[in-house]
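Chains as they are written, first to last, in the working numbering: chain A, 22 to 478; chain B, 827 to 1394. Reading through the structure tokens given below for one structure.
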């Protein structure tokens, strides 16, 4: 063992120094929020949704209420090339008295173009018949199968034409014509024809909707491009995208404004109750319990009456009021609990001894320390408010026609769920994504704002 | 933690987006699996419960669904279609409708009819289901009951052709003065107020059905409320009525024409208003008949079911409020609405339901005229869209009303998918073409009727089904005295022509008067005709002999039978 072993350490400055920038509570929370991938992505989704609702209409100019009845329930991938047609009433075709002994209406054929504006059929007459019944099917009828949908009858053996205008879609149809006797019984033989229908619009409609400049810029038989509906159209030919934007404004307005108001109300109520305490607190909290027990739907209807909201007027305002009036106790309870705890903290005591007045005490020391809880309450209240709005609009208590909201769009879409699912899927998807995003964000905020999880402490 | 702090830039966002997508995909996968599982369960359970079938060969029973519960089955007070249908199966008037929609003898074996009345000879073998004979007194009692102001029958007016009936119903005359009396047990004499060409056609209507007086009195005011509180003289009797759940009819073994009834029972095992649920019952072979709507039509087509079409005889229209304090009392405003009215667009592009016909006249196409069909003989005016003229009329209306902009019009409508669709269509149509704001007042049937009666609407979507097979069932609808004229439309000339058609026995004169009425209603824009309702439905092929009618009992199973085909 040498002397070297016992050399005193120098006081030189080569000691490793560990330090970090001083982080405030909020900076730290922000860093931890950013670290939470799920919550952070949700934040972007929410911002995206807000931009979609507010700035969307600036980019996407289609009127959400405009009905294009030539393009109802059109899926997003629907054909945009429309054949230009003009609709003139058709007198039909009357044949000569039938000859021979054929039993089925032979030589069934289409007159002119088969388009979504109309499909015109003619056939050869059948002797001894008293008229014809026309069927339309969307799948090929096999031998012995029913012929599909009876779309019309003609009277008399010589009236051998039929014009179909009933909700024709640009796809293939199988038209069948069968002769009927005097008793209305069908002959056994039928003539069937497959018809491929082209998407079309009338000149008048094209001018009115602004697809073309004026009547003379196109001729019948030309093809024009109709405006894009990226998410398709609904059952009245309204653009789904612009309706979803309109719906987003309603949903997010209710979803953000209502919680904002009732959380503020809850904070004020709860901090008073918690700070003053005693019997005052007791009375206030029992009142809060009472409010929790009030039925929401009933109050919503009462407010509707109270505000004189007549039939056919929007129920959004009473909904907002009912939400605010009935939902604050949750936030109030939480804040009161926090305040009761903070009130006993040493720094509050110190501040009080230094002569701080009560209002400043509450504003400076109490409320800022409850902010975490409040913010988390708020983010969790948003999805439930959005859901409430969607539910109420779904059952017809919220927005009224023609205004769209996600809930009312779901209600419209659910009826055609089997045939045109896009009318239900899109609004449902928007509700789900938004609600999910707010929940994830709330989760993330709760973790980020929890003081016990602060970095380095 | 430290790692997380350093990695707070873009890559994290991308991967978090990935994480979200992953969650989404897992959720979606789970959802699809769940759907598949549920579908598998339902298809299995459907197969396993096939025993309670739509058509039961062993018990000779057909199972059906009712769309709503009948409020009660007292024939003097019945107003709705379900009640009418059930009463038609269980009761019989002097006359009834045969398989080809012709009037055939019912309780009356024969009759002598003359200008001012008639004598009906009742069959002596007709019995009530409790064994007592059906007599002429039962008819007199039923009619007097229906006319009694205390009964509050909404259909009392249909008895008005009988002498003094109107006065009795208004409480101004003694019920004993009613122009009908039982000469003996089996002879009924009827005296009319004035010659009524269509009187015989009225006799098959439920309000004209007989009621057994002693039984009626024994129920102590509860007649018609329960199966036990009813006796029947028709082909079937109600054996079980579980309110809001089911209703079962069985063959009436003492009915005079019991041999014509082939079914042993009709089981209305479900009372359901939801069209999709009803169709599911049909798909799983639980009921023998189900209506289709534009939403579930495609399903029926893909399943290759046999689809049938039926015109139910009713006409739907927008009734305009003509009360003087309403802006719709202004002719030019109404004319503007008429000039943008396009029934074929509504029928083909909005309602999309096959069977509906674009409406042109208050008289539907199936009504008989002088020799052939009324509308073939008197086609009536047509709606012609002319937006330019519409705007001119609107400008005139604004000037006359002294306003720059119209207050919103209140469109009173039903609260169901079909109504909502057309309400929204009209709301947009009038806004786009005329700049008129519309508020849609959605109400359930009862409340709508209340508002129609008090006049709280500008325009109301209404409909009218025929009660008997004569133009008059639609013709007097807009006479100023008719309580079903909810818009209080009053036009002396219409009244005059209705009166002519009511009292004349010359068919040509009657039909010409009715033609004037349809012309006047059009010219004055009393109403806007929308469509004649038809329906498409699917039915079990094994049930034969079912009659569908526009007027009278529909669907009629009184002569239906089950065919034992190879499938069965």
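Heads up, the beta-carbon is just placed ideally off N, CA and C, and yes, glycines get one too.
Check: Residues bridged to residue 1018 of chain B by DSSP?; Outcome: B:988
Check: Using only alpha-carbon positions, find the residue among A:436, A:106, A:139 that is nearest to residue 244 of chain A.; Outcome: A:106
Check: Would you please state the rounded distance, in angstroms, between the beta carbons of residue 20 of chain A and residue 181 of chain A? I believe it to be under 8 Å.; Outcome: Past the boundaries of the shown model lies residue 20 of chain A; chain A is included only from 22 to 478, so the question cannot be answered.
Check: Between which two residues does the beta strand (DSSP E) harbouring residue 890 of chain B extend?; Outcome: 887-892
Check: Could you tell me whether the Cβ of residue 103 of chain A comes closer than 8 Å to any Cβ of chain B?; Outcome: no
Check: Between the Cα of residue 233 of chain A and the Cα atoms of A:323, A:103, A:411, which residue gives the shortest distance?; Outcome: A:103
Check: Restricting to runs no shorter than 4 residues, where is the alpha helix (DSSP H) found entirely within the stretch 1203-1239 of chain B?; Outcome: 1213-1227
Check: Count the other C-beta atoms from every protein chain shown that fall within 10 angstroms of the C-beta of residue 128 of chain A, then say buried if there are 16 or more, exposed otherwise.; Outcome: exposed
Check: Indicate whether the contact test is met: 3 or more Cβ pairs, each with one atom in the stretch 1376-1392 of chain B and one in the stretch 908-923 of chain B, closer than 8 Å.; Outcome: yes
Check: Check the C-beta distance from residue 1285 of chain B over to residue 1144 of chain B and give it rounded, since I have them as a contact under 8 Å.; Outcome: 5 Å
Check: Specify, as a first and last residue, the run of the alpha helix (DSSP H) that residue 516 of chain A falls within.; Outcome: For chain A, the structure presents residues 22 to 478; residue 516 of chain A sits outside this window and is missing.
Check: Given a cut-off of 8 Å, decide if residue 134 of chain A and residue 191 of chain A are closer than it, judged by their beta-carbon atoms.; Outcome: no
Check: Give a yes or no on whether 8 Å exceeds the smallest Cβ distance from residue 1133 of chain B to chain A.; Outcome: yes
Check: Helix, strand or coil for residue 1315 of chain B per DSSP?; Outcome: coil
Check: Taking 7 Å as the limit between beta carbons, can you name the residues of its chain near residue 463 of chain A, skipping five residues before and five after?; Outcome: 397, 400, 401
Check: Do we get a CB-CB distance below 8 Å when we pair residue 899 of chain B with the residues of chain A?; Outcome: no
Check: I need the straight-line Cα distance from residue 214 of chain A to residue 183 of chain A, nearest angstrom please.; Outcome: 14 Å
Check: Give the C-beta separation of residue 1264 of chain B and residue 1237 of chain B to the nearest angstrom, bearing in mind that I take them to be a contact with Cβ-Cβ under 8 Å.; Outcome: 5 Å
Check: Compare the beta carbon distance of residue 283 of chain A and residue 345 of chain A with 8 Å and say whether it is the shorter of the two.; Outcome: yes
Check: Among A:318, A:382, A:256, which has the Cα closest to the Cα of residue 1175 of chain B?; Outcome: A:256
Check: At 9 Å on the CB atoms, spell out the chain B contacts of residue 158 of chain A, in chain order.; Outcome: 1127, 1130
Check: Quick one: does residue 417 of chain A have its CB under 8 Å from some CB of chain B?; Outcome: yes
Check: For residue 1346 of chain B, go through chain A and note every residue whose CB falls closer than 9 Å to its CB, in chain order.; Outcome: Result: empty, since nearest Cβ-Cβ is about 25 Å, beyond 9 Å.
Check: Residue 1360 of chain B: which of B:879, B:848, B:1182, B:1221 sits nearest, CA to CA?; Outcome: B:1182
Check: Please list the partners that residue 59 of chain A has in chain B, where partner means a Cβ-to-Cβ separation under 7 Å.; Outcome: 842, 845, 846
Check: With respect to the alpha helix (DSSP H) encompassing residue 391 of chain A, which residues constitute its N-terminal and C-terminal limits?; Outcome: 388-415
Check: Give me the Cα-Cα distance between residue 1148 of chain B and residue 1374 of chain B, rounded to the nearest whole angstrom.; Outcome: 36 Å
Check: Can you look up residue 1284 of chain B in the DSSP assignment and give me helix, strand or coil?; Outcome: coil
Check: Please report the distance separating the alpha-carbon of residue 908 of chain B from that of residue 1271 of chain B.; Outcome: 15 Å
Check: Does any CB atom of chain A fall closer than 8 Å to the CB of residue 1175 of chain B?; Outcome: yes
Check: With three or more beta-carbon pairs closer than 8 Å as the criterion, would you say the stretch 1051-1063 of chain B touches the stretch 946-955 of chain B?; Outcome: yes
Check: Within 8 Å (strictly less), CB to CB, does residue 1260 of chain B reach chain A?; Outcome: no
Check: Taking all protein chains shown into account, decide if residue 1099 of chain B is buried (16 or more other Cβ within 10 angstroms of its Cβ) or exposed.; Outcome: exposed
Check: For chain A, check one thing: does any of its Cβ atoms lie closer than 8 Å to the Cβ of residue 1388 of chain B?; Outcome: no
Check: Would DSSP call residue 158 of chain A helix, strand or coil?; Outcome: strand
Check: Which residues of chain A have a Cβ atom closer than 9 Å to the Cβ of residue 1123 of chain B, listed in chain order?; Outcome: 170, 440
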